[in-house]
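Protein sequence lines, in the order shown, are assigned to chains R and B.
Numbering of the first sequence is given in the numbering used here, commencing with residue 26 and proceeding in unit increments.
Numbering of the second sequence is given in the numbering used here, commencing with residue 38 and proceeding in unit increments.
This report refers to the structure that appears directly beneath it.
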Amino acid sequence: MTNSPTTPGIVAGRLAPQAIAENFADIAPDFDPHEAAVAADRCYFCYDAPCVAACPTEIDIPLFIRQIQTGQPEAAGQTILDQNILGGMCARVCPTETLCEGECVREAAEGKPVEIGRLQRYATDRLMANDGHPYRRAAPTGRRVAVVGAGPAGLACAHRLAMHGHDVTVFDAREKPGGLNEYGIAAYKTVGGFAQAEVDWLLKIGGIELRHGQALGRDVTLDGLRNDHDAVFLGMGLAGVNALGVEGEAREGARDAVDFIAELRQSDDLTKLPVGRHVVVIGGGMTAVDAAVQSRLLGAEDVSMVYRRARDRMSASEHEIDHAATAGVRIITNAQPVAVHGNGAVREVEFAYTRDNGKGGLESTGETFRLKADQVFKAIGQSLEGAPDGLTVERGKITVTGPGRTGLDGVWAGGDCAAGGEDLTVTAVAQGRDAAEDIHARLSA
Amino acid sequence: MANLASDFAGIKSPNPFWLASAPPTDKEYNVTRAFKAGWGGVVWKTLGFDPHIVNVNGPRYGVVHGADRRVLGINNIELITDRPLDVNLREIKQVKRDWPDRAMVVSLMVPCEEEAWKRILPMVEETGADGVELNFGCPHGMSERGMGAAVGQVPEYVEMVARWCKANTRMPVIVKLTPNVTDIRHSARAAFKGGADAVSLINTVNSITGVDLDLMAPEPTIDGKGTHGGYCGPAVRPIALNMVAEIARDPETAGKPVSAIGGIGTWRDAAEFLALGASNTQVCTAAMTYGFGIIKEMTAGLSRWMDEKGYERVSDVVARAVPNVTDWQHLNLNYVTKARIDQDACIQCGRCYAACEDTSHQAIAMTEDRRFEVIDAECVACNLCVNVCPVEDCITMERLPAGTVDPRTGKTVEPGYANWTTHPNNPMAKAAE
Numbered sequence: 026m027t028n029s030p031t032t033p034g035i036v037a038g039r040l041a042p043q044a045i046a047e048n049f050a051d052i053a054p055d056f057d058p059h060e061a062a063v064a065a066d067r068c069y070f071c072y073d074a075p076c077v078a079a080c081p082t083e084i085d086i087p088l089f090i091r092q093i094q095t096g097q098p099e100a101a102g103q104t105i106l107d108q109n110i111l112g113g114m115c116a117r118v119c120p121t122e123t124l125c126e127g128e129c130v131r132e133a134a135e136g137k138p139v140e141i142g143r144l145q146r147y148a149t150d151r152l153m154a155n156d157g158h159p160y161r162r163a164a165p166t167g168r169r170v171a172v173v174g175a176g177p178a179g180l181a182c183a184h185r186l187a188m189h190g191h192d193v194t195v196f197d198a199r200e201k202p203g204g205l206n207e208y209g210i211a212a213y214k215t216v217g218g219f220a221q222a223e224v225d226w227l228l229k230i231g232g233i234e235l236r237h238g239q240a241l242g243r244d245v246t247l248d249g250l251r252n253d254h255d256a257v258f259l260g261m262g263l264a265g266v267n268a269l270g271v272e273g274e275a276r277e278g279a280r281d282a283v284d285f286i287a288e289l290r291q292s293d294d295l296t297k298l299p300v301g302r303h304v305v306v307i308g309g310g311m312t313a314v315d316a317a318v319q320s321r322l323l324g325a326e327d328v329s330m331v332y333r334r335a336r337d338r339m340s341a342s343e344h345e346i347d348h349a350a351t352a353g354v355r356i357i358t359n360a361q362p363v364a365v366h367g368n369g370a371v372r373e374v375e376f377a378y379t380r381d382n383g384k385g386g387l388e389s390t391g392e393t394f395r396l397k398a399d400q401v402f403k404a405i406g407q408s409l410e411g412a413p414d415g416l417t418v419e420r421g422k423i424t425v426t427g428p429g430r431t432g433l434d435g436v437w438a439g440g441d442c443a444a445g446g447e448d449l450t451v452t453a454v455a456q457g458r459d460a461a462e463d464i465h466a467r468l469s470a
Numbered sequence: 038m039a040n041l042a043s044d045f046a047g048i049k050s051p052n053p054f055w056l057a058s059a060p061p062t063d064k065e066y067n068v069t070r071a072f073k074a075g076w077g078g079v080v081w082k083t084l085g086f087d088p089h090i091v092n093v094n095g096p097r098y099g100v101v102h103g104a105d106r107r108v109l110g111i112n113n114i115e116l117i118t119d120r121p122l123d124v125n126l127r128e129i130k131q132v133k134r135d136w137p138d139r140a141m142v143v144s145l146m147v148p149c150e151e152e153a154w155k156r157i158l159p160m161v162e163e164t165g166a167d168g169v170e171l172n173f174g175c176p177h178g179m180s181e182r183g184m185g186a187a188v189g190q191v192p193e194y195v196e197m198v199a200r201w202c203k204a205n206t207r208m209p210v211i212v213k214l215t216p217n218v219t220d221i222r223h224s225a226r227a228a229f230k231g232g233a234d235a236v237s238l239i240n241t242v243n244s245i246t247g248v249d250l251d252l253m254a255p256e257p258t259i260d261g262k263g264t265h266g267g268y269c270g271p272a273v274r275p276i277a278l279n280m281v282a283e284i285a286r287d288p289e290t291a292g293k294p295v296s297a298i299g300g301i302g303t304w305r306d307a308a309e310f311l312a313l314g315a316s317n318t319q320v321c322t323a324a325m326t327y328g329f330g331i332i333k334e335m336t337a338g339l340s341r342w343m344d345e346k347g348y349e350r351v352s353d354v355v356a357r358a359v360p361n362v363t364d365w366q367h368l369n370l371n372y373v374t375k376a377r378i379d380q381d382a383c384i385q386c387g388r389c390y391a392a393c394e395d396t397s398h399q400a401i402a403m404t405e406d407r408r409f410e411v412i413d414a415e416c417v418a419c420n421l422c423v424n425v426c427p428v429e430d431c432i433t434m435e436r437l438p439a440g441t442v443d444p445r446t447g448k449t450v451e452p453g454y455a456n457w458t459t460h461p462n463n464p465m466a467k468a469a470e
């Protein structure tokens, strides 16, 4: 190895293979039975538990923890998956500190919640390690449903529909199913190919056909899908990426953070994945954190994450921001990009400090500064792209009512592309599941 | 500083904490370690005649765990010492010589014949031991052979053997009682009637700690079979507290020396037994769970508490609470309390609500924003909410002052004292009129 964190430019192999392997190891490894027992014993089995109310999929958390206590983690896993078929992934990626664990009464009592997320992983991992699949299809109904997008919303919807006996075809633009579970999310949260393993496990229910490379608007149309199916569920996520709208953002070395993360997730050898010496990430959400932290883990010498508003407005959770800071990411707030400078390739990013303009917006203070950059990751949000005609889109999301009903008869939507809820895996699962139940009710009527 | 020195039926020890007759006191090695750690005395594990008994070669103990595998209770199917009599006697003599200030009491169990006791008592006396404890309590194994609890469950036998022992030794005689009887007072009375200097209690409670559902056999399991064993540890402490108190307030035995045994593991446990009439305490399960080091907490804790309360000697504490142990019929029915929830301390787990709503009196309301509030008109002051609340002192029982109206009954709380014996609903009270 000849490269190091201080090698100029965007190069691979800044760290020794062993160091990279350690950096990208499972960040919250599976509990062993002893750890699980100790953690489970802390649950108070609250009445009408706040943790359940805080879970978008409303998993019966006290029940599953009690099932772990009584020595039946597989039963606990079933309790979880009954509500959230992607409970395994959610156990790994949910911002539990703002959901279930944030509401745990032991957070109030001792500032240390029951480790619900890790207990959930303990339970689901054990159930999913069993042979076979714990759910069975109802008798075939002969009804056909198209699902667009094989991400969390689409998969949850497809599984629930298949369980009810409907025939489901899932269309996805990418080569692999999983959506952001496969192409987004920091690698150290879902190691060992878990995303694909989970999809494979989910499909064992049968009755679900996956079609890859099928983008809505390019390879299939909503009208076509409606003609061929009894119902359509749209869960294609947000394929567009917001642009900075500043001079020089197309320079070599500046790219969308989601692409970098996807490339990283698809890499089978991270020592061959190039990263800059000086990395600047623009944005304050989970995508920004994941791009910044993973740049550091690949060996970038310095990584700055720059957000235009104050820290408390960042959409990344406090826990994630702390994690980034611990990983050595420099967090700069109240600064927005003005220009990306360079001679062909990126060399610097110029920022202007901002302040509240008193009308809910931002204004420049007039003071600017420049950060060295070989590589710039843009992470200021994704947007809905190519929403089919006939759907109402408000503030960049498909308008839905109730359990994901769009304005078009027979068309439902859920996940990041639809309005309502946070853009989280667990929210997408809940919306996909609930839409499936509504579709089933309609088809059964 | 409080003086922890103890004089129990003439047996002196630097503190009132002895190790009970059990595995921790079976050998010179263990007992020496205990004395080095600071224990005030030991009751040497029960001796019997040679050929010495044998133990099972599989598990001897079963356990009941609480949260985080905290040991709540252990049961055992171990028998008396399984080492030759002369080895034990030699070691007892040596330890007593090395540790003259510590209490050395020797537990004994021999067949229910006077000759047997006559034979063994001089051997113990020869060691220089301070006293003997008659093991009339072991509920397992030895009882099948007519010893242990088989003797302790028959008051006439207890009295008879106590008398034999008193007639054949100058040493103080302590009779260890089994709790596996319906009324402990009969056993205690019999012991003292036979001349015993003191009683110790409780021995272990007959028990099965669990069932192996694969083997379909009780635990601990020996080659697919199990047998009842003796249960001890924190789980049995309430049973022991009551039995000690029963003896302390029985006119026939009140004021007699009682050595308390049963789930004692902290200074507080010990203080509670002393307050209910015990003169000293014996410990086993806590030592078996945590090792001998716990004695430092027990002595320091008892001493500090006595200083805080102004008690100079252990005897100042003994039986302090006994006058307040009474019969149900004498409890004050004019003492009216209501649960009060400290909203600042409440962590909103809702266990009080579930307990009250599902299993009690529907006296706790839950608001939209998860506040839990007591409904005085329903609260009977049962205390269940206090018991199930995970936060200490978050829920308390507060007394309604005399003259206020209890919203549940609509009656004005009367000043003064009134109990069941005078209550109009008591047919006996009416009959007495």
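Backbone N, C-alpha and C fix where the C-beta goes; we use that ideal spot for every residue, glycine too.
The three-state reading of DSSP puts R:MET261 in coil, since its state is none of H, G, I, E or B.
Nearest to R:ALA163 by C-alpha distance, out of R:VAL354, R:GLN456, R:ILE230, is R:ILE230. Excluding sequence positions up to five before and after R:GLU99, its CB lies within less than 8 Å of the CB of ALA148, ARG151, LEU152, ASN155, all in the same chain and listed in chain order. Among the residues of chain B, none has a CB under 9 Å from the CB of R:ALA220; the nearest is roughly 34 Å distant.
Contact with chain B is absent for R:CYS125, since none of that chain's Cβ atoms lies less than 8 Å from the residue's Cβ. Look at R:PHE196 here: in three-state DSSP terms it is strand.
Here R:PHE56 has ARG143, TYR147 as same chain residues with Cβ atoms under 6 Å from its own Cβ, once five neighbours each way along the sequence are excluded. Buried is the label assigned to B:ASP63, since at least 16 other Cβ atoms lie within 10 Å of its Cβ. The beta carbon of R:ALA133 sits closer than 8 Å to some beta carbon of chain B. Per the Cβ contact rule, the region 382-392 of chain B is in contact with the region 127-138 of chain R (3 or more Cβ pairs under 8 Å). Taking a C-beta cut-off of 8 Å against chain B, none of the residues of the region 338-363 of chain R qualify.
Under the three-state reduction of DSSP output, R:GLN361 falls in the strand class. Proximity to B:ILE284 across B:THR374, B:ALA227, B:LYS203, B:THR326 peaks at B:ALA227, based on C-alpha coordinates. For R:ASN359 and R:ILE233, the gap between their C-alpha atoms comes out near 47 Å.
Rounded to whole angstroms, the separation of the alpha carbons of B:ALA254 and B:VAL248 is 6 Å. The C-alpha of R:HIS158 is placed about 7 Å away from the C-alpha of R:TRP226. In the DSSP annotation of this structure, B:ARG436 is not part of any alpha helix (DSSP H); the continuous beta strand (DSSP E) holding it starts and ends at 432-436.
Distance check between R:ARG243 and each of R:GLY262, R:ARG372, R:ASP197, R:ALA438 places R:ASP197 closest, using alpha-carbon atoms only. Annotation for R:VAL318: ALA211, HIS348, ALA349, ALA352, VAL354 place their beta carbon closer than 7 Å to its own, counting only its chain and skipping 5 residues before and after.
Beta-bridge pairing by DSSP links R:ARG355 to R:SER329.
With its beta carbon less than 8 Å from one in chain B, R:TYR69 belongs to the interface. In the DSSP annotation of this structure, R:GLY167 is not part of any alpha helix (DSSP H), being labelled neither H nor E. Across the set B:ILE245, B:ILE259, B:PHE72, B:SER224, the C-alpha of B:SER224 shows the shortest separation from the C-alpha of B:THR290. The alpha-carbon separation between B:ASP287 and B:SER352 amounts to approximately 19 Å.
Among the residues facing chain R, B:ARG388 is included, as its CB has a counterpart in that chain under 8 Å away. For B:PRO294, the number of other beta carbons within 10 angstroms of its own is at least 16, and it is reported as buried.
A contact is defined here as three or more CB-CB pairs under 8 Å, and the region 319-327 of chain R meets this definition with respect to the region 293-308 of chain R. When C-beta distances to chain R are compared with 9 Å, the residues of the region 422-455 of chain B below that value are PRO427, VAL428, in chain order. In the three-state scheme derived from DSSP, where H, G and I count as helix and E and B as strand, R:TYR208 is classed as helix.
Here B:ARG97 carries a coil assignment [DSSP, helix/strand/coil].
Only exposed fits R:VAL216, as fewer than 16 other CB atoms lie within 10 angstroms of its CB.
Here the region 131-142 of chain B does not lie against the region 453-460 of chain R, with fewer than 3 beta-carbon pairs under 8 Å apart. R:ASP399 has its alpha-carbon roughly 39 Å from the corresponding atom of R:GLU126. Taking C-alpha positions only, R:VAL271 is separated from R:ARG251 by approximately 41 Å. For R:TYR378, DSSP records a beta bridge to R:ALA360.
Annotation for B:GLU345: no beta strand (DSSP E) segment contains it, though the alpha helix (DSSP H) segment containing it runs 331-346.
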